[in-house]
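In what follows, a single structure is set out as structure tokens and then discussed.
Residue numbers (the working numbering): 62 to 427.
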């Protein structure tokens with residue numbers, strides 16, 4: 062009998078960002094398209110993006126969400142849950158016990174590891190993890206990072222074997238990216254002069270990089286480029302960003318949320334942001350970029366992107382200075398050959414159909 066119920070355990074919030082949820086939504090759309098029913102098990106942390114979950118997905122909110130003002134160390138993943146993993150496991154299993162068709166559980170969470178996976182009551186387990194080197198006990202495993210940024214994962218078998226999906230070709234992206242990609246003429250990638258720049262440092266922008274970049278912009282930069290900043294209106298620096306944009310209305314705009322991020326990307330010639338999941342989305346569309354690492358888990362990804370010529374890596378967010386931003390605009394963006402090479406390498410890296418590749422594979426297997 063075919064399994065039809067898929068449950069995701071994933072969170073979002075000001076301390077986590079929205080990247081994990083967004084890639085799970087892309088995966089969920091593909092699974093739904095091939096015939097699976099989909100449910101999300103999540104916590105309502107402050108700044109969560111639960112409202113982005115579409116109506117066809119059943120939502121189960123479990124206890125323990127972090128409230129506004131609760132401090133969390135950005136690289137201390139055990140704090141991201143807002144409680145113990147044991148309590149989380151009990152709550153999740155309580156939800157799963159209500160459904161006889163809970164065949165597959167997908168986990169995308171840095172706070173949940175091997176002990177949690179062993180305690181889950183489900184027929185099949187799919188783990189998404191780009192935090193290198195962690196052990197897992199699962200039937201399916203996805204790490205969408207570049208091979209050069211991966212350390213060997215220790216995968217313990219739950220049943221006969223573990224099916225692995227490794228590399229950006231399996232990156233989980235909204236299907237709008239592959240749709241837009243089909244309209245791109247590969248022969249023209251990177252040819253357009255850079256005029257419009259999109260800035261997005263993730264759903265949480267935990268290092269205040271948006272406002273730090275804005276403060277570094279001088280008259281020459283604002284005269285040469287148009288900037289679109291994407292920042293959650295709940296972010297602490299949103300009022301200051303609003304004032305900055307208001308003082309430069311002809312050259313800057315500020316967006317708090319967009320449901321058509323792929324189209325927004327296509328309207329721009331260059332991207333400045335974090336080294337998370339959007340790295341693969343930019344690659345799909347052949348958009349060159351400069352990245353900073355917002356947390357320890359992004360350092361390896363960003364270093365690999367820079368080393369392989371897929372992006373310009375400026376360094377860790379806390380260490381990026383005004384002179385680093387000045388160098389980006391004066392030296393990097395003016396190097397047409399370098400920018401074009403970035404775009405072409407990215408376009409060759411992934412086609413944006415990773416979610417559907419995996420969904421069809423699972424439909425055949427389950």
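Glycine included, each C-beta is placed from N, C-alpha and C at the ideal position.
DSSP three-state label for residue 201, please.
Here residue 201 sits in strand by DSSP.
Cβ neighbour criterion (16 or more within 10 Å) applied to residue 415:
buried
Comparing C-alpha positions only, which one of 96, 77, 117 sits nearest to residue 86?
117
Whole-number beta carbon distance between residue 286 and residue 324, since they are thought to touch under 8 Å:
The pair is not a contact, with the Cβ atoms about 20 Å apart (cut-off 8 Å).
Other residues of its chain near residue 207: CB distance less than 6 Å, five sequence neighbours each side excluded:
Annotation for residue 207: 365 place their beta carbon closer than 6 Å to its own, counting only its chain and skipping 5 residues before and after.
Is it right to say residue 120 is buried, meaning 16 or more other beta carbons lie within 10 angstroms of its own, or is it exposed?
exposed
Report, in whole angstroms, the separation of the C-beta atoms of residue 345 and residue 246, which I expect to be a contact under 8 Å.
Contact flag wrong, Cβ pair sits at about 15 Å.
Looking at the unbroken alpha helix (DSSP H) that takes in residue 367, where does it start and where does it end?
357 to 368
Expected contact under 8 Å - CB spacing of residue 72 and residue 93 to nearest Å:
Wrong, their Cβ atoms sit about 21 Å apart, outside the cutoff.
Coarse secondary structure for residue 380, derived from DSSP in three states:
helix
Measure the CB-CB distance between residue 322 and residue 348 and report whether it falls below 8 Å.
no
For residue 62, which residues in the same chain have their Cβ closer than 8 Å to its Cβ, ignoring the five residues on either side in sequence?
Its pLDDT being 40, under 50, residue 62 is placed unreliably in this model, and the coordinates cannot settle the point.
Closest to residue 127 by CA distance: which of 230, 172, 369, 74 is it?
74
Using 8 Å as the Cβ pair cut-off and three pairs as the minimum, do the stretch 334 to 342 and the stretch 232 to 239 touch?
yes
First and last residue of the uninterrupted beta strand (DSSP E) at residue 66:
66 to 71
Using DSSP with H/G/I as helix, E/B as strand and the rest coil, what is residue 270?
helix
For the beta strand (DSSP E) containing residue 335, name the first residue and the last one.
Residues 331 to 335.
Where residue 76 falls: helix, strand or coil (DSSP)
coil
Given this structure, state the Cα-to-Cα distance separating residue 157 from residue 181, to the nearest angstrom.
Between residue 157 and residue 181, the C-alpha separation is close to 9 Å.
For residue 108, which three-state DSSP category applies?
coil
Identify the continuous beta strand (DSSP E) that holds residue 351 and give its terminal residues.
It spans 350 to 354 - the beta strand (DSSP E) in which residue 351 sits, taken as one unbroken run.
Nearest to residue 178 by alpha carbon, out of 149, 193, 138?
149
Figure out for me which residue from 393, 407, 330, 389 has the closest Cα to the Cα of residue 369.
407
With a cut-off of 8 Å, do at least 3 Cβ pairs link the stretch 302 to 319 to the stretch 273 to 289?
yes
Considering just the uninterrupted stretch of the beta strand (DSSP E) at residue 259, what are its terminal residues?
257 to 261
Please report how far the alpha carbon of residue 398 lies from the alpha carbon of residue 66, in whole angstroms.
49 Å
Where does residue 62 fall in DSSP's three states?
Annotation note: pLDDT 40 at residue 62 (below 50); position unreliable, no value reported.
Quick check for students: name the residue ranges of the alpha helix (DSSP H) that lie wholly in the stretch 288 to 327, counting only runs of 4 or more.
299 to 308, 322 to 327
Between the alpha carbons of residue 77 and residue 142, how many angstroms are there, rounded?
10 Å
If you draw a straight line from the alpha carbon of residue 298 to that of residue 272, how long is it in whole angstroms?
One C-alpha to the other measures close to 7 Å.
Using alpha carbons as the reference points, say which of 405, 390, 202, 103 lies closest to residue 222.
202
When the distance is taken between beta carbons, is residue 267 closer than 8 Å to residue 383?
no
Given this structure, state the Cα-to-Cα distance separating residue 185 from residue 367, to the nearest angstrom.
37 Å
Thinking C-beta only, is residue 335 closer than 8 Å to residue 262?
yes
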